[in-house]
Structures are given as C-alpha cells and as structure tokens.
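Working notes for the structure below.
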Amino acid sequence: MTQPTDVNNSTFKRVYSVCERLIKEGTRPSVRLVLSELPEVSSTSTVHRYFKQWKDEYDINQQSLHEKLGFSSDFTKAFMKEISRFSIEIEQRYKILANDVGEQRDAAVAALENIENHIDKNNKEIGRKVIDIQLLKDELKSTQQDMEAQLITSKEVNNATVSELREQLKQALHENKSLTSLNEDIRNQKIKAELRLEGNQEYTDEVKAQNTLLRQDNKELNTSLSKLNGIIAGLESTVRGNEKLIVQLKSQIK
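Note that the sequence shown covers residues 38 to 291 in this note's numbering.
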C-alpha cells in the first residue's frame with residue numbers, strides 16, 4: 038500500500054499495523070476491532086481519523102489492482118483474501134521453523150555450556166594434579182638433598198673415624214715395635230743373665246715371669262691390632278658404599 042501522510046506518527050503506525058494484520062488473517066478491519074486492539078489509546082477520534090486514512094488508501098489500492106488485472110471486484114477480493122491466507126501460512130511456517138531453530142540453538146548452547154563446564158572442571162582437576170605432582174617433586178628433591186647431606190656427613194664422620202683408627206693403629210704398631218724390641222732386649226738380657234747367673238735360680242725365675250708377662254701383653258696387643266684392622270676394613274667398605282649412593286642420588290636429581 039501507499040505510505041500515508043502520517044506515517045511517522047506512532048499511533049497511525051499502530052492502527053496501520055492492526056489493520057494489515059486483520060487483512061492477512063482474513064478479517065475485515067473496523068474501527069471497533071482496531072479500538073479493541075489498542076485499549077491504551079484514549080482518543081477514539083484519532084483512531085477514527087487514522088482508520089479512515091488507512092481505509093481510503095486500502096480502497097484506492099484495491100481499485101487500482103482491479104483495474105490492472107481486469108477482474109471483478111468479488112474475484113479481486115477473493116484473490117487478495119487467498120493471497121493473505123497464503124502469506125499467513127508462509128509466515129506461520131517460518132515462525133515454526135524459527136522456533137525449531139531457536140530450540141536447536143538453545144539445545145546447542147546448553148550442550149556447549151555443559152562441555153565448557155566439563156572442560157573447566159577437568160582443567161581445575163588437572164591443575165590440582167599438577168600442583169600435587171610439583172609438591173611431590175619438591176618433597177622428593179628435598180628428601181634427596183637431605184639424604185645426600187646425611188651421606189656426606191656420614192662420609193665425613195667415617196673418614197674422621199678411619200683417620201683416628203689409623204692413627205691408633207699406627208701408634209699401636211709403634212708400641213708393638215717398641216715392645217717387640219724391649220722383649221728382644223729382655224730375652225737377650227735373660228740369655229746373658231742365664232749365662233752369668235746359672236746358679237741364681239730365683240733371679241732366673243723372675244726374668245722368666247717378666248718374659249711371660251711381656252709375651253702376654255704382646256699377644257693382647259696383637260689381638261687389639263687384629264680387631265682394629267677389621268673395624269677399619271668395615272668402615273672403608275661403608276665409605277665406598279656411601280660414595281656410590283651419593284653418585285646415584287646426584288644422577289637422579291639431575
């Protein structure tokens with residue numbers, strides 16, 4: 038239809054819209070029907086005036102269409118009614134399709150939200166796992182460092198113990214050498230004394246007793262030396278084992 042002179046007026050637009058909808062629905066527009074559709078409009082005269090403008094435009098268009106087609110008025114009205122019905126059906130189909138598309142869109146959005154929530158949940162769980170793994174790594178590294186420090190301390194203590202035992206062994210060997218030399222001197226003195234004092238049995242017995250005591254001391258010293266050698270050998274073996282363990286821990290930390 039031709040645009041009316043009051044097309045920019047909001048009230049006329051609403052009257053125009055109601056009349057066009059009624060035509061499409063196959064209902065003949067009237068002032069009463071338009072007023073029932075626009076209860077908030079207080080001026081009925083305004084509605085009357087705008088309805089008349091629309092009606093005039095509609096009749097002019099209908100007459101123009103009749104003249105162009107050359108059909109009768111009844112046929113033209115029936116034809117326009119059928120066209121309106123067909124337009125309404127097409128509009129309804131498009132509304133149904135639009136609703137279906139909207140429902141599919143809503144379902145897709147809901148599914149996407151569920152997926153995003155699931156991904157977010159998984160990401161949070163992965164984040165917690167990463168933190169737990171890092172904490173375990175830090176704890177393992179700290180434990181390895183503590184063990185390495187303990188092994189180093191143990192090695193230092195063992196080295197100090199071995200050094201001390203070696204010094205004791207050295208001193209014991211020196212004492213053993215001195216005792217051996219002293220024992221040899223006493224034995225020589227004994228021989229000489231026996232040669233000089235073969236008749237002095239008491240002196241001879243005393244020298245024998247001293248010799249016996251010296252032998253016993255020498256035996257005990259040799260026993261102590263044997264024990265010290267065993268302890269040193271065990272400590273040296275422990276030190277070598279600790280050194281291997283330190284090397285293994287360093288390679289794991291790297």
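Ideal Cβ positions, reconstructed from N, Cα and C, are used throughout, including at glycine. Everything numeric in this text was worked out from a predicted model, so none of it was measured.
Cβ-based neighbour list, residue i, same chain, cut-off 8 Å, excluding 5 preceding and 5 following
i	result
Val199	Ile269, Leu272, Glu273 and Val276
Arg224	Asn248
Asn266	Leu206
Contact check, residue i vs residue j, beta carbons under 7 Å
i	j	result
Val78	Val55	no
Leu75	Pro66	no
Own chain, CB closer than 7 Å to residue i, minus 5 neighbours either side, in chain order
i	result
Thr42	The predicted position of Thr42 is uncertain, since its pLDDT is 47 and thus under 50; no value can be drawn from it.
Lys227	Val244 and Asn248
Val68	Val84, His85 and Phe88
Gln220	Per the sequence presented here, residue 220 reads as Asn, with Gln not at that position. Closer than 7 Å at the Cβ level, and outside the excluded window around Asn220, lie Leu251 and Asn255.
Ile290	Lys178 and Gln181
Glu57	none
Thr48	Val78, Thr83 and Tyr87
Asn160	none
Assumed close pair residue i, residue j - CB separation to whole angstroms, cut-off 8 Å
i	j	result
Ser258	Leu286	Ser is not the amino acid found at residue 258; the sequence shown has Leu there. That pair is no contact at about 42 Å.
Residue i CB to nearest heavy atom of the ligand FAD below 6 Å
i	result
Leu258	This structure does not include the ligand FAD; it has no bound ligands of any sort.
Own chain partners of residue i with C-beta closer than 6 Å, once the 5 adjacent residues on each side are dropped
i	result
Tyr53	Trp91
Asp183	none
Quiz item: Taking one C-beta from the stretch 255-262 and one from the stretch 174-188 each time, how about it: are there three or more such pairs within less than 8 Å?
Solution: no
Practice problem: Count the CB pairs spanning the stretch 183-198 and the stretch 276-286 that are closer than 8 Å, and state whether there are at least three. | Solution: yes
Self-check item: Complete runs of the alpha helix (DSSP H) confined to the stretch 166-230 [at least 4 residues]
Solution: none
Self-check item: Whole alpha helix (DSSP H) elements within the stretch 38-97, 4-residue minimum
Solution: 47-61 and 68-74
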